[in-house]
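Here is the structure we will look at, set down as structure tokens.
In this note's numbering, the protein residues as written are 36 to 214.
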């Protein structure tokens, strides 16, 4: 939501982003029923809070996970239900104070989920690192075995190559007839 309130003109210009058709019509209904609260600077943030509260209540009713199922979302009067009176600001603030603990609780639950995801990610990366370490150890062992084999082959080659070259150099003397 982007919002600006021009106090001298009593004009509130707000843009709600990412709303579907049902949410847009809900915003329009709330604004038409706002009465003299329409000119109050806290109206649009209050509408946004109520929309988000409804969205979270819908998510809660659709997902019954153990971390969220124990929550009770009480039904409170909505912003559009406020009567026209001079105490509009006080009622809006009271409603925001009523909604604040629900948001704090939901934020705490989100923090728990994030911490759980961080722990899970760390465990998975540790598992991958452990497998990488075993693979590296296996490569080192195989490389050292190959090095030993290469040294043996080099030793055998040096001995037999020298003997072969001596044998070839002496071969003409052995095959030539002596007079």
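Every residue gets a Cβ at the ideal spot worked out from N, C-alpha and C, and that includes glycine.
Small disclaimer: the values here were computed from a predicted structure and weren't measured.
Each residue's CA atom was taken as its position, placing residue 173 and residue 190 some 26 Å apart. When secondary structure is reduced to three states using DSSP, residue 52 falls in the coil class, being assigned neither helix nor strand. Taking one beta carbon from each stretch, the stretch 75 to 92 and the stretch 46 to 66 have 3 or more pairs nearer than 8 Å; the two touch. The beta-bridge partner set that DSSP reports for residue 40 consists of 47. The beta carbons of residue 78 and residue 69 sit closer together than 8 Å.
Here residue 76 is actually not in contact with residue 55; their C-beta atoms are around 26 Å apart, not less than 8 Å. Ranking 159, 204 and 85 by CA distance to the CA of residue 133 puts 85 first. The distance from the Cβ of residue 81 to that of residue 131 is about 7 Å, consistent with a contact at the 8 Å cut-off. Residue 158 and residue 45 have their alpha carbons spaced roughly 56 Å apart.
Burial of residue 123 is indicated by the presence of at least 16 other C-beta atoms within 10 angstroms of its C-beta. The shortest CA-to-CA distance from residue 50 to any of 36, 43 and 57 is the one to 36.
For residue 86, the enclosing alpha helix (DSSP H) stretches over residues 78 to 97. In the displayed model, residue 68 falls within coil according to three-state DSSP, outside both helix and strand.
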